[in-house]
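Chemist:
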Amino acid sequence: MTEQRLPPLSTTLNTSFITTRHTLKYRTASSLKWNLVDRVASQVLYAVTGVVLAILLSEEDFGLVGAVLIFQAFASLLVDSGFSYALLQRKRPSRLDYSTVLWFNLMLATALYIVLFLCAPLIARCFQNDLRLIGLSRVILLSLIINASAIVPTNRLMKAMSVRRIAVSNAIGLTIGGATGITLAVSGFGAWAIVWQSLVSAAVKSLVLWTSTSWRPVARFSLTALRSYFGIGSKMMFTSFLNTVFLYINSFLIGNRTGMVALGYYTQADKWSKMGIMSISQTLTSSFMPALSAAQDNRPRYLAMMSKMNRFTAYLLYPAILGLMLMAPQIFHTLFGHKWDASIFLFQLLLFRGIFVILNSLYNNYLLGLGHGTAIVKLEILRDVAAIIALAVTLPYMGIELPGDPVYGIAILLWGQIAATLITWVATLLTTVGVTGARLGTFVKDNMTYFAQTAIIIPLMSFAAYWVGPAWLKLTVEIVVGLSLYIGGNHFFHSRIQHEVFAFFRGRGTL
Numbered sequence: 057m058t059e060q061r062l063p064p065l066s067t068t069l070n071t072s073f074i075t076t077r078h079t080l081k082y083r084t085a086s087s088l089k090w091n092l093v094d095r096v097a098s099q100v101l102y103a104v105t106g107v108v109l110a111i112l113l114s115e116e117d118f119g120l121v122g123a124v125l126i127f128q129a130f131a132s133l134l135v136d137s138g139f140s141y142a143l144l145q146r147k148r149p150s151r152l153d154y155s156t157v158l159w160f161n162l163m164l165a166t167a168l169y170i171v172l173f174l175c176a177p178l179i180a181r182c183f184q185n186d187l188r189l190i191g192l193s194r195v196i197l198l199s200l201i202i203n204a205s206a207i208v209p210t211n212r213l214m215k216a217m218s219v220r221r222i223a224v225s226n227a228i229g230l231t232i233g234g235a236t237g238i239t240l241a242v243s244g245f246g247a248w249a250i251v252w253q254s255l256v257s258a259a260v261k262s263l264v265l266w267t268s269t270s271w272r273p274v275a276r277f278s279l280t281a282l283r284s285y286f287g288i289g290s291k292m293m294f295t296s297f298l299n300t301v302f303l304y305i306n307s308f309l310i311g312n313r314t315g316m317v318a319l320g321y322y323t324q325a326d327k328w329s330k331m332g333i334m335s336i337s338q339t340l341t342s343s344f345m346p347a348l349s350a351a352q353d354n355r356p357r358y359l360a361m362m363s364k365m366n367r368f369t370a371y372l373l374y375p376a377i378l379g380l381m382l383m384a385p386q387i388f389h390t391l392f393g394h395k396w397d398a399s400i401f402l403f404q405l406l407l408f409r410g411i412f413v414i415l416n417s418l419y420n421n422y423l424l425g426l427g428h429g430t431a432i433v434k435l436e437i438l439r440d441v442a443a444i445i446a447l448a449v450t451l452p453y454m455g456i457e458l459p460g461d462p463v464y465g466i467a468i469l470l471w472g473q474i475a476a477t478l479i480t481w482v483a484t485l486l487t488t489v490g491v492t493g494a495r496l497g498t499f500v501k502d503n504m505t506y507f508a509q510t511a512i513i514i515p516l517m518s519f520a521a522y523w524v525g526p527a528w529l530k531l532t533v534e535i536v537v538g539l540s541l542y543i544g545g546n547h548f549f550h551s552r553i554q555h556e557v558f559a560f561f562r563g564r565g566t567l
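In terms of the working numbering, the sequence shown opens at residue 57 and continues consecutively.
1. Identify the residues that DSSP records as bridge partners of D461: which are they?
2. Check whether the Cβ atoms of V256 and S193 sit closer than 8 Å, and answer yes or no.
3. Quick check on this structure: which residue in L435, Y522, M214 and L496 has the alpha carbon closest to the alpha carbon of I479?
4. Does the stretch 387 to 407 come close enough to the stretch 358 to 366 to have 3 or more Cβ pairs within less than 8 Å?
5. Taking the straight line between their C-alpha atoms, what separation do you get for G233 and W252?
6. Going straight from the alpha carbon of L531 to that of F388, what length do you get?
7. Pull up the distance between the alpha-carbon of G119 and that of I400, whole angstroms please.
8. Report yes if the C-beta distance between D502 and N416 is below 8 Å; otherwise report no.
9. Quick test of your reading: P273 and Y154, contact by CB under 8 Å. State the CB separation rounded to the nearest angstrom.
10. Taking the alpha carbon of L606 as the point to measure from, which residue in P526, F507 and V171 has its own alpha carbon closest?
11. According to DSSP, is C175 part of a helix, a strand, or is it coil?
12. Among the residues of its own chain, which have a CB less than 8 Å from the CB of G315, if the five just before and after it don't count?
13. Say whether the stretch 318 to 332 touches the stretch 479 to 493, bearing in mind that this needs 3 or more beta-carbon pairs closer than 8 Å, one atom from each stretch.
14. Using a Cβ-Cβ cut-off of 6 Å (strictly less than) and excluding sequence neighbours within five positions of G465, which residues of its own chain qualify?
15. Between L200 and S307, which are expected to be in contact by the criterion C-beta below 8 Å, what is the C-beta distance as a whole number of angstroms?
16. Just to confirm, are G472 and T450 a CB contact at a threshold of 8 Å?
17. Touch check for the stretch 206 to 214 and the stretch 173 to 181: three-plus C-beta pairs under 8 Å?
18. Within the same chain, show all residues whose beta-carbon is closer than 8 Å to that of W159, passing over the 5 residues directly before and after it, in chain order.
19. Under the three-state reduction of DSSP, which class applies to H555: helix, strand or coil?
20. So, using beta-carbon positions, are Q99 and M383 closer together than 8 Å?
21. Kindly give me the distance between the Cβ atoms of Y422 and M517, rounded to whole angstroms, as I take these residues to be in contact under 8 Å.
22. Got a sec? Which residues, its chain only, sit under 7 Å from M381 by beta carbon, not counting five neighbours each side?
23. If you follow the alpha helix (DSSP H) that A521 is part of, which residue opens it and which one closes it?
24. Helix, strand or coil for Q324, going by three-state DSSP, please let me know.
25. Write down the C-beta distance between A376 and I336 rounded to the nearest angstrom, noting that I regard them as a contact closer than 8 Å.
26. For chain C, check one thing: does any of its Cβ atoms lie closer than 8 Å to the Cβ of R221?
27. Near T166, which residues of its chain fall below 7 Å by C-beta distance, leaving aside the five closest residues on each side in sequence?
28. Assuming contact is defined by CB atoms lying nearer than 8 Å, are D117 and G246 in contact in what I supplied?
29. Near I190, which residues of its chain fall below 8 Å by C-beta distance, leaving aside the five closest residues on each side in sequence?
30. From K261 to T267, what does the alpha carbon distance come to, in whole angstroms?
31. Beta-carbon within less than 6 Å of A398's beta-carbon, same chain only, minus the 5 sequence neighbours each way: which residues are those?
32. Looking at the unbroken alpha helix (DSSP H) that takes in N366, where does it start and where does it end?
33. Could you say which of V264, F127, V433 and S270 lies nearest to R151 if we only look at CA atoms?
34. What separation, rounded to the nearest whole angstrom, lies between the Cα atoms of L402 and V533?
35. Reducing DSSP to helix, strand and coil, say where T492 ends up.
Here it is as structure tokens:
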């Protein structure tokens with residue numbers, strides 16, 4: 057199970073860049089390190105708050121907020137308009153470019169908030185006319201304007217691969233927002249605790265970003281600059297829009313057809329699964345995209361980067377996601393007792409689908425780095441057509457409940473979406489191979505080494521913990537056995553990726 061040894065990513069970079077510590081290899085490594093720190097810290101803080109709120113609040117409270125978040129997700133997508141992707145893809149955006157995008161984001165966010173404020177009664181009508189949603193939506197959707205103010209400052213730091221400030225702003229925002237949410241939950245505010253947690257977190261993050269950087273926008277708006285980003289931006293917005301439709305259509309249909317309690321179970325499963333899936337996906341996108349855009353004119357270097365990124369992703373992805381699927385019952389029972397048992401299988405299904413979501417996102421980065429936005433749009437349309445067919449087939453079964461299993465029909469719905477995602481993964485892989493000129497066998501080999509190791513280790517983890525009683529102790533045994541076997545196995549088989557990752561975190565190398 058040895059892998060072909062490729063020189064570290066740093067040795068594939070053009071030697072003209074290797075002159076100071078601030079060369080691309082060091083900035084990429086630093087960006088990756090701080091993105092990992094940011095993701096871990098954010099998820100720990102988010103998890104602590106989420107566990108406390110899950111214990112204090114009801115299934116219905118989470119269902120109410122989950123219903124509103126559907127509309128927030130679409131509005132946030134329109135606010136961004138795909139320009140953040142376009143700014144990352146362009147090599148040298150100007151100050152006027154950044155300023156124009158900032159003013160556009162703020163104007164659009166304000167306009168959308170006004171429209172949604174007026175449409176709040178219609179939102180309630182979509183979910184069995186639950187009038188509580190009117191006030192909740194009008195308050196939580198203020199985050200549209202707050203988040204719009206942070207898009208460009210965050211983008212500039214990502215472009216410069218200066219992720220440390222983003223990590224700090226996220227940590228401070230989540231800490232203060234979490235404390236606010238817990239305090240309100242203890243005081244009996246119900247769903248409003250989650251609403252104010254979200255608002256305070258967003259406001260604090262934006263404030264920290266603006267006060268910790270010296271960059272300020274110019275008081276100018278350039279339609280020419282905006283148009284120059286419209287090509288990539290519009291394609292990525294359309295792709296993201298379709299992706300968001302099928303991320304949240306499940307929540308909409310569940311809330312519309314089965315009510316807030318079932319939506320609460322699904323929302324919990326979705327929230328906790330996204331903690332792992334989105335953390336890995338966002339870390340890879342924000343860390344690797346600037347490096348890919350810098351190498352877009354050098355195809356051999358680009359392919360070398362892709363191979364290294366494939367293996368790094370596989371090294372993290374398979375043990376993390378498959379391990380979480382195995383440990384799901386122990387995690388839920390340790391954190392919540394048996395309150396959210398109905399969410400466990402949904403959580404496992406969403407994690408399984410997440411493997412292919414992450415891989416699709418990675419391959420889309422390869423296409424975007426070369427400016428192939430049209431290919432990404434076509435692939436997204438393919439996925440959506442497959443998802444619509446799967447939805448049509450499974451929708452009649454969504455409301456089925458069995459004794460002891462109130463989410464049986466929702467699980468059927470998710471199996472259909474998994475099938476659609478698998479179809480898209482195959483198409484995206486083949487398209488990426490064709491566009492970049494990479495070899496399909498290389499992609500398969502980069503993934504199979506770490507998948508095979510994980511597939512062998514997972515049953516051993518389960519066997520080791522089989523005779524252990526308490527959920528927390530079973531979880532501990534599974535984690536210790538899994539990490540020991542995975543790290544030890546990769547050391548035995550001389551994994552180049554693991555060696556470089558460990559050297560990197562010891563400060564003795566770069567990825």
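From the three backbone atoms N, C-alpha and C, an ideal C-beta is built for every residue, glycine too.
Modeler: Inspection of the coordinates gives the following:
1. Your numbering for residue 461 matches position 405 in the sequence shown. D461 pairs with L458.
2. By 1-based counting over the sequence shown, the position of residue 256 is 200. By 1-based counting over the sequence shown, the position of residue 193 is 137. No, the pair does not count as a contact, with Cβ atoms beyond the cut-off.
3. Start at 1 with the first residue of the sequence shown, and residue 479 comes out as number 423. Ranking the options by Cα distance to I479, first place goes to L435.
4. Result no; under three Cβ-Cβ pairs closer than 8 Å.
5. If you number the sequence shown from 1, residue 233 lands on position 177. If you number the sequence shown from 1, residue 252 lands on position 196. Those two C-alpha atoms are separated by around 7 Å.
6. Along the sequence shown, one-based indexing puts residue 531 at 475. Along the sequence shown, one-based indexing puts residue 388 at 332. Computed Cα separation, rounded: 10 Å.
7. Reading the sequence shown from its first residue, position 63 is the one you call residue 119. Reading the sequence shown from its first residue, position 344 is the one you call residue 400. Approximately 16 Å, taken between the alpha carbons.
8. For the purposes of this step, residue 502 is identified with residue 446 of the sequence shown, where counting begins at 1. For the purposes of this step, residue 416 is identified with residue 360 of the sequence shown, where counting begins at 1. Taking 8 Å as the cut-off, the Cβ atoms of D502 and N416 do not count as close.
9. In the sequence shown, residue 273 corresponds to position 217, counting from 1. In the sequence shown, residue 154 corresponds to position 98, counting from 1. That belief holds up - the Cβ atoms of P273 and Y154 are roughly 7 Å apart, short of 8 Å.
10. Limits of the chain in this structure are 57 at one end and 567 at the other, which puts residue 606 out of reach.
11. Indexing the sequence shown from 1 puts residue 175 at position 119. DSSP places C175 in coil when its eight states are reduced to three.
12. The sequence position of residue 315 within the sequence shown is 259, counting from 1. In the same chain as G315, and ignoring 5 residues on each side of it, the C-beta atoms closer than 8 Å to its own belong to G119 and Q184, in chain order.
13. no
14. As a first step, residue 465 must be located in the sequence shown, where it is residue number 409. Excluding residues within five positions, the ones whose Cβ falls inside 6 Å are Y453, M454, G455 and I456.
15. Translated into the one-based positions of the sequence shown, residue 200 becomes position 144. Translated into the one-based positions of the sequence shown, residue 307 becomes position 251. About 18 Å; that fails the 8 Å criterion.
16. Position 416 of the sequence shown holds residue 472. Position 394 of the sequence shown holds residue 450. Their beta carbons are under 8 Å apart, which means G472 touches T450 by this criterion.
17. no
18. Taking the first residue of the sequence shown as 1, we reach residue 159 at position 103. So the qualifying residues of the chain are P273 and F277.
19. As a first step, residue 555 is located in the sequence shown; it is residue number 499 there, counting from the start. Helix.
20. Residue numbering aside, residue 99 sits at position 43 when the sequence shown is read from its first letter. Residue numbering aside, residue 383 sits at position 327 when the sequence shown is read from its first letter. No; because the gap between Cβ atoms is not below 8 Å, this pair is not in contact.
21. In the sequence shown, residue 422 corresponds to position 366, counting from 1. In the sequence shown, residue 517 corresponds to position 461, counting from 1. Actually they do not touch by this definition, with Cβ atoms about 32 Å apart.
22. As a working mapping, residue 381 is identified with position 325 in the sequence shown. Excluding residues within five positions, the ones whose Cβ falls inside 7 Å are Q404, L407 and F408.
23. Stepping through the sequence shown from its first residue, residue 521 is reached at position 465. Note, A521: premise wrong, no alpha helix (DSSP H); not H, not E.
24. Counting from 1 along the sequence shown, the entry for residue 324 is found at position 268. Reduced to three states, the DSSP call for Q324 is helix.
25. Here residue 376 corresponds to residue number 320 of the sequence shown, with the count starting at 1. Here residue 336 corresponds to residue number 280 of the sequence shown, with the count starting at 1. Their Cβ separation, rounded to whole angstroms, is 7 Å, which keeps A376 and I336 in contact under 8 Å.
26. You won't find chain C in this structure, because it holds only one protein chain.
27. By 1-based counting over the sequence shown, the position of residue 166 is 110. Within the same chain, T166 has close Cβ partners I201.
28. Here residue 117 refers to the residue found at position 61 when the sequence shown is read from its first residue. Here residue 246 refers to the residue found at position 190 when the sequence shown is read from its first residue. Yes, the pair counts as a contact, with Cβ atoms nearer than the cut-off.
29. If you number the sequence shown from 1, residue 190 lands on position 134. Here the set comprises A176, P177, I179 and A180.
30. Taking the sequence shown and counting its residues from 1, one reaches residue 261 at position 205. Taking the sequence shown and counting its residues from 1, one reaches residue 267 at position 211. Computed Cα separation, rounded: 10 Å.
31. Position 342 of the sequence shown, counted from the start, is the residue given in the question as residue 398. Cβ within range, chain order: Y321, P462 and V463.
32. Taking the first residue of the sequence shown as 1, we reach residue 366 at position 310. It spans R355 to F392 - the alpha helix (DSSP H) in which N366 sits, taken as one unbroken run.
33. Within the sequence shown, numbered from 1, the residue matching residue 151 stands at position 95. Of V264, F127, V433 and S270, the smallest CA-CA separation from R151 is found for S270.
34. Here residue 402 refers to the residue found at position 346 when the sequence shown is read from its first residue. Here residue 533 refers to the residue found at position 477 when the sequence shown is read from its first residue. Cα to Cα, the separation comes out at about 24 Å.
35. Working through the sequence shown from its first residue, we reach residue 492 at position 436. T492: helix per DSSP, three-state reduction.
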